[in-house]
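Student:
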Amino acid sequence: MCQAEEGGRLALLGPWEAVRRIYSGSRPCEALVAMRTKQRRQVCVLLPNKQHLDCAVTVKARGREVLNSVLKHLGVSDLQVFGLAVMKDNDYLFLDLDQKLSKYFGKRWNKGYVMVPFILFLRVQYYVESGLLILSTTVQQLYYTELRQKVLRSQSHHQEALFFQLAASALQADVGDLQEKKHRCYFLPEDYFPSWLIKRRGREYILQHSPVLHGELRGVSRRQAILHFIKEANELQDGPVTFYRMREEDKQPRSLILLGVTVKGVHICQEVEGKQSLLYDFSWTGIDRFTFQGNRFEITAVGSLCLPKLVYYTKSAFHSKHILRHLRDSHQLHMNIRDAVISIQQLENMGTKEAYICDTACLRKSLQCSNLTSSMSDCSDALETATAWFKEEKEEDGGSTTESELWLDESEELFVDDPAEVSWLAELLRGVSVDAPLMLPSFCWAAVTMEMKQ
62 MCQAEEGGRL ALLGPWEAVR RIYSGSRPCE ALVAMRTKQR RQVCVLLPNK
112 QHLDCAVTVK ARGREVLNSV LKHLGVSDLQ VFGLAVMKDN DYLFLDLDQK
162 LSKYFGKRWN KGYVMVPFIL FLRVQYYVES GLLILSTTVQ QLYYTELRQK
212 VLRSQSHHQE ALFFQLAASA LQADVGDLQE KKHRCYFLPE DYFPSWLIKR
262 RGREYILQHS PVLHGELRGV SRRQAILHFI KEANELQDGP VTFYRMREED
312 KQPRSLILLG VTVKGVHICQ EVEGKQSLLY DFSWTGIDRF TFQGNRFEIT
362 AVGSLCLPKL VYYTKSAFHS KHILRHLRDS HQLHMNIRDA VISIQQLENM
412 GTKEAYICDT ACLRKSLQCS NLTSSMSDCS DALETATAWF KEEKEEDGGS
462 TTESELWLDE SEELFVDDPA EVSWLAELLR GVSVDAPLML PSFCWAAVTM
512 EMKQ
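Residue numbers (this note's numbering): 62 to 515.
What follows is the structure, encoded as structure tokens:
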């Protein structure tokens, strides 16, 4: 057969012959699999409990596709306070789930390193004041696990007593009631205390005194112990906080500034030789606005005549944009759930002797605006824990990529519930008494809301 006839035959065979010429010796189906493999990427998601989830996505996949795989793996409908993060220059940056993954992995993603997985982290994006705001028991457990790791890495040397309280709650959650005949070495100090504290006090001191505090929690269920731990961890200065590394001057890498996003606002710390010192502690109401242009990041406080505008420098405009987005979303969440937090705090302080009738549908609907929804089954479990916990406590007592600005003016926020409608959580958790309804009147909520606005 002449060369022209052979070329004509190849043309008639279509694209399969071209594929076979590239993948010599491969059958058509194998070549097709190879082509499809080039269009897929392996993503590995590291979970707080040291497990990992492997998933395959397309080249054009977005963050939400990976999140859906995580939801399916965990068996929940909403991760509530968690987000997917990528490590960039020693900072965890939370993904915009509507953006393509190629935006975060760059050239490596487009070149298609099939055998090397791309790493994402499931991390707490929004810390909360009470574990009762986390409706899913699965998500609550992950939240507790990550807080445990934060406690072990804490450098709050001036809060030594708090670490022993946290260790007691964690031991009750992990081990249960302390058995009188149990040997005192039933736990490893390294699993419950920071290394600096073990070095300061010694293992013998910890093994001798920790069981005493653990024994005081006899009868507390695992779920209640976890709630106690979450509540106590909020008192830790560097516990429930997400830090971002910045510099005081654009070309001074040694002056390390840490901007921390906390439950109630922002911490500004300085790190010298591995030791952190708190420079500023801003509540959300004490901040006027955040502004960035490129890697220049500015913080303006309310009534800034006494405090100059704080100017720091991030690693890049990409970092600045994601930090500002995290600050904006955290402030919005704080505004949305503050009335729910007040209700829970009142119930924790007051307790009740009445029976409870919990409407899980009401809770799910009311928390949708705050992205704190969950599956109905998990919601039911959490509410049973909430009511049991309150009851037992009472009985025992007998922008753009280059420039953007965020203003924090609470008087103009659109996320706050109507004062006449925020009594839903009090009605939900208190329930209905057999004698009379237990709920706070709407004028009380109006007064609270007005006071917070002032």
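Idealized CB from N, CA, C, for every residue including glycine. On a predicted model such as this, the values are computed, not experimentally measured, just so you know.
#1: Counting along the chain, where does the alpha helix (DSSP H) carrying Tyr374 start and finish?
#2: Take Arg102 as the anchor and find which of Phe179, Asp235 and Pro255 has the nearest alpha-carbon.
#3: Rounding to the nearest angstrom, what Cα-Cα distance links His218 and Arg184 in this structure?
#4: Exposed or buried, what is Val333 when buried is set at 16 or more other beta-carbons lying within 10 Å of its beta-carbon?
#5: Is the shortest distance between the beta-carbon of Ala294 and the beta-carbons of chain D less than 8 Å?
#6: Considering Lys149, what are the terminal residues of the beta strand (DSSP E) in which it resides?
#7: For Lys121, does the three-state DSSP call read helix, strand or coil?
#8: So, helix, strand or coil for Lys168, using DSSP?
#9: With a threshold of 16 other CB atoms inside 10 Å of the CB of Glu190, please say whether the residue is buried or exposed.
#10: Please report the straight-line C-alpha distance between Leu249 and Tyr305, rounded to a whole angstrom.
#11: Do Ala362 and Asp349 come within 8 Å of each other at the CB atom, strictly closer than that value?
#12: Assess contact between the region 256-267 and the region 234-243, defined as three or more Cβ pairs (one per stretch) separated by less than 8 Å. Is contact present?
#13: Helix, strand or coil: which one does DSSP assign to Thr323?
#14: Have a look at Lys121 and Ser163 and give me their C-alpha separation to the nearest angstrom.
#15: Contact defined as beta carbons within less than 8 Å: I believe Val402 pairs with Leu297. What is the distance between those atoms, to the nearest angstrom?
#16: I need the DSSP call for Arg261, collapsed to helix, strand or coil.
#17: Quick one: residues in its chain with C-beta nearer than 8 Å to the C-beta of Gly347, no 5 flanking neighbours on either side, listed in chain order?
#18: Assign Val273 to one of two classes, buried (16 or more other C-beta atoms within 10 Å of its C-beta) or exposed (fewer than that).
#19: For Ile180, does the three-state DSSP call read helix, strand or coil?
#20: State the CB to CB distance for the pair Leu135 and Thr199, rounded to an integer number of angstroms; the pair is presumed to be in contact (CB under 8 Å).
#21: Where does Leu213 sit, in a helix, a strand or coil, going by DSSP?
#22: Who are the Cβ neighbours of Asp159 in its own chain at under 7 Å, not counting the five residues just before and after it?
#23: I'd like the span of the beta strand (DSSP E) that includes Lys336, first residue to last.
#24: Relative to the C-alpha of Phe224, which candidate in Gln406, Tyr374, Ile291 and Thr119 has its C-alpha closest?
#25: Kindly indicate the opening and closing residues of the beta strand (DSSP E) around Ile360.
#26: Taking only the alpha-carbon atoms, compute the straight-line gap between Leu93 and Gln100 and give it to the nearest angstrom.
#27: Looking at C-alpha atoms only, which residue of His275, Asn410, Thr323 and Trp170 is the closest neighbour of Asn295?
#28: Out of Glu221, Asp157 and Leu193, state which residue places its alpha-carbon closest to the alpha-carbon of Leu408.
#29: Buried or exposed for Gly144, going by 16 or more other Cβ atoms inside 10 Å?
#30: Out of curiosity, what's the CA-to-CA distance linking Ile195 and Gln201?
#31: Using a Cβ-Cβ cut-off of 6 Å (strictly less than) and excluding sequence neighbours within five positions of Val281, which residues of its own chain qualify?
#32: In three-state terms, what does DSSP make of Ala279?
#33: Going by the CB atoms, is the gap between Asp299 and Ser197 shorter than 8 Å?
#34: Nearest to Arg357 by CA position, among Ser344, Leu340, Lys376 and Pro369, is which residue?
Tutor: This is what the structure gives:
#1: Premise fails: Tyr374 lies in the beta strand (DSSP E), Leu371 to Tyr374, not in any alpha helix (DSSP H).
#2: Phe179
#3: 25 Å
#4: exposed
#5: Absent from the structure: chain D. Only one protein chain is present.
#6: Phe143 to Lys149
#7: coil
#8: helix
#9: buried
#10: 31 Å
#11: yes
#12: no
#13: coil
#14: 7 Å
#15: Contact doesn't hold; Cβ gap of about 18 Å is too wide.
#16: helix
#17: Gly326, Ala362 and Val363
#18: exposed
#19: strand
#20: 6 Å
#21: helix
#22: Arg123 and Arg125
#23: Lys336 to Ser344
#24: Ile291
#25: Arg357 to Ala362
#26: Because Leu93 sits at a pLDDT of 41, beneath the cut-off of 50, its placement in the model cannot be relied upon, and the following sentence gives the value as read from the coordinates. Cα to Cα, the separation comes out at about 11 Å.
#27: Thr323
#28: Leu193
#29: buried
#30: 6 Å
#31: Gln233
#32: With the sequence shown as reference, residue 279 is identified as Arg, and Ala is not the correct amino acid for it. Residue state, collapsed to three classes: coil.
#33: no
#34: Lys376
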